[in-house]
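Protein chains in written order, with this note's numbering: chain P, 1 to 39; chain S, 40 to 134; chain C, 135 to 532. Yeah, the Cβ is synthetic: ideal placement off N, Cα and C, and Gly gets one too. The next block holds one structure in the form of structure tokens; read it before the comments.
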Amino acid sequence: METTVVAEETTAQDVAPTEDVEEDLLVEDVSIDGMCGVY
Amino acid sequence: MTTASATPSVLDRAWDVSPRVSIRPESFGALLYHFGTRRLSFLKDRRLLEVVQHLATSATAREACVAAGLAADELATYALALTKLADTDMLQERS
Amino acid sequence: MTTTVPLVEHFALGLDAPICLTWELTYACNLACSHCLSSSGRRDPRELTTDEAKAVIDELQRMQVFYVNIGGGEPTVRSDFWELLDYATAHDVGVKFSTNGIKIDVEAARRIAANSYVDVQISIDGATADVNDAVRGAGSYDTAVRALRHLSDVGVSAKLSVVCTRYNIPQLDQFKEIADRYGAQLRLTRLRPSGRGADVWDELHPTQAQQRELYDWLVLHGEGVLTGDSFFHLAAYGESLPGLNLCGAGRVVCLIDPVGDVYACPFAIHEQFLAGNVRSEGGFARVWRKSDLFLELREPQSGGTCRSCNQYDACRGGCMAAKFFTGLPLDGPDPECVKGYGEMGLSKVVAGAAPKPSLDHSHKGGVRGGPVPVTIGRRPDRACDEDPLAGLAAATAR
């Protein structure tokens, strides 16, 4: 299994899991900055 | 690491939610926010939330999974989810 | 195997509390940026008091809002700014505050360094003073850089936030250099025709070619560059950029303005997107959970005329605020639709018909050091040259 990349503080820009890695379906990471409608 | 060896390793260890993590239950599962890393994780499954909530009082992750009512053939999926949470410091190992 | 609904679907239908939100603390500002989304400048006498602001923070804590983006105007000109900052972080609410840097002296930098629940974002709109000050006013570039230096000196990694315009898109690499130089994280965001932005949008918004350039740059060099998910409309070019890639207004985010009004989003300060006020019974929580506007926004969106476009699933019809303030229908294309449908729509908008916000806190008369207008009307060197600075001698970097 590929080790999940540990992102740096606040640089987490995790892309949604690729289709063939079904096991990642249960957890999705997004940066707190990754929401439209904030400064 | 191969899938076969990674999965049991997570399940047979003891875990706690990191003290800097805030858990917010949602209808679809939960939001987890780490105040240190500023990282946001979405748990997209209510039972995964239950597993996470059972970790503190379970000797192993496997025990927490059983407490959350998971079947044996589901453990691999949840183990990988727990691994991801551990890799992103949402969970920390209990010694 | 567990099947899960795409997250986008859950968020599109709303949550019991925002995940994060923007809170404009004051309309007062020392600057008069030409594109200010909140038309700030003069303080509104009805501003929330310190106690009212603390009551809002208490609510955010109860609702488990993880993170609040404090802005304005210039939030640090409120005399209770640091008090409110400390109150929020002491009550489980993480804070990022956005500032032009005017009050970020060494002492302020140290104060920020000492609070691990605080992030700071410095606004800059040009990698060189001439490009920046044309929009933000004489001296504003120096103020921003000075703030960056103080923060860097005490080991704080700030965010350097840029609104992308026709004039600064050629400077993306330079912005990255500045961010790297001060140990800061670069943030590139979209210009919306909101507030005073409506007045300068025609002149400042990126050309189609520049949007493509920006998109390509983000795909190639944008690892670690934040965007506030403000370019989800560019997903129609190909792969989507990191982020939720949807309009969060009233669904996962919203705005609380200086007088306690709750809007769907800071780029939509207009009655049409006003959900309620935190001073009314039930406070912020009631507005978020029960207001007609937010419940309506959380209904499944049909996509309108965009539904038949094969890119709709990627761009979701673009930005509601951008459509609204350019006079386009909300159920149609974004004004900057990458397929050009927005431009077609704009050509049908009657001059002067676009909605204007009823609130305007802009400074009347001149502001000392107000924006230096870019020399427009200068013919480009070549007919196809889109860079307005083409042919000018390179400005001396300060």
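If you draw a straight line from the Cα of V483 of chain C to the Cα of R330 of chain C, it is about 19 Å long. Relative to the Cα of V290 of chain C, the nearest Cα in the group C:V297, C:R315, C:A243, C:Y301 belongs to C:A243. Interface residue (Cβ-Cβ distance to chain S less than 9 Å): V27 of chain P is classified as such.
Assigned with DSSP and collapsed to three states, I236 of chain C falls in coil, not helix or strand.
In the structure shown, S57 of chain S adopts coil according to DSSP, grouped into three states. Within the same chain, H367, A369, A370 come within 6 Å of C449 of chain C by CB-CB distance, once the 5 residues on both sides are set aside. Here DSSP, grouped into helix, strand and coil, assigns Y39 of chain P to coil. Scanning C:Q342, C:G394, C:P327 for the CA closest to the CA of Y475 of chain C turns up C:Q342. With a threshold of 9 Å between beta carbons, L322 of chain C makes no contact with chain P. Looking at C:P179, C:Y161, C:R180, the one whose alpha-carbon comes closest to that of L171 of chain C is C:Y161. The contact set of L155 of chain C on chain P, defined by CB atoms closer than 9 Å, consists of G37, V38 in chain order. Shown here for E347 of chain C: same chain residues with a beta carbon closer than 7 Å to its own, the five before and five after excluded, namely I303 in chain order. At least one CB of chain S lies nearer than 9 Å to the CB of F200 of chain C. Among the residues facing chain P, L94 of chain S is not included, as its CB has no counterpart in that chain under 9 Å away.
The straight-line gap separating the alpha-carbon atoms of Q308 of chain C and S364 of chain C is approximately 21 Å. Using a Cβ distance threshold of 9 Å, E470 of chain C and Q345 of chain C count as a contacting pair. In this structure the region 416-426 of chain C does not lie against the region 485-497 of chain C, because fewer than three pairs of beta carbons, one per stretch, are closer than 8 Å. When Cβ pairs closer than 8 Å are counted between the two stretches, the region 255-272 of chain C is seen to touch the region 294-301 of chain C, the count reaching three or more. Looking at the DSSP output, A383 of chain C shares a beta bridge with C:V387.
With distances taken between CA atoms, L354 of chain C lies nearest to C:K310 out of C:K310, C:A402, C:L408, C:Y221. Sorting C:A409, C:C381, C:G377, C:S374 by C-alpha distance to the C-alpha of I390 of chain C places C:A409 at the top. Note on M478 of chain C: under 16 other CB atoms within 10 angstroms of its CB, so exposed under the neighbour-count rule. Beta-bridge partners of V254 of chain C (DSSP): C:F231. Boundaries cannot be given for R432 of chain C, as no beta strand (DSSP E) includes it and DSSP labels it neither H nor E. Taken in chain order, the unbroken stretches of alpha helix (DSSP H) that lie wholly in the region 309-357 of chain C and span 4 residues or more are 331-338, 342-355. The count of Cβ pairs closer than 8 Å, one atom from the region 181-191 of chain C and one from the region 110-126 of chain S, stays below three, leaving the stretches out of contact.
DSSP places I204 of chain C in the uninterrupted beta strand (DSSP E) bounded by 201-206. For T122 of chain S, the secondary structure class from DSSP, reduced to helix, strand or coil, is helix. Leaving aside the five residues that flank T299 of chain C on each side, the residues in its chain whose CB is nearer than 8 Å to its CB run, in chain order, H169, D259, V269, L325, L338, H339, P340.
Under DSSP, R78 of chain S forms a beta bridge with P:S31, S:H73. S436 of chain C has its alpha-carbon roughly 22 Å from the corresponding atom of G372 of chain C.
For G75 of chain S, the closest alpha carbon among the candidates C:P209, C:G317, C:G228 is that of C:G228. Secondary structure at Y301 of chain C: coil, using DSSP grouped into helix, strand and coil.
A residue is called buried when at least 16 other Cβ atoms come within 10 angstroms of its Cβ; H284 of chain C meets this threshold and is buried. What N203 of chain C touches in chain P, judged by beta-carbon distance under 8 Å, is V38, Y39, going in chain order.
Counting along the chain, L159 of chain C sits inside the beta strand (DSSP E) bounded by residues 154-160.
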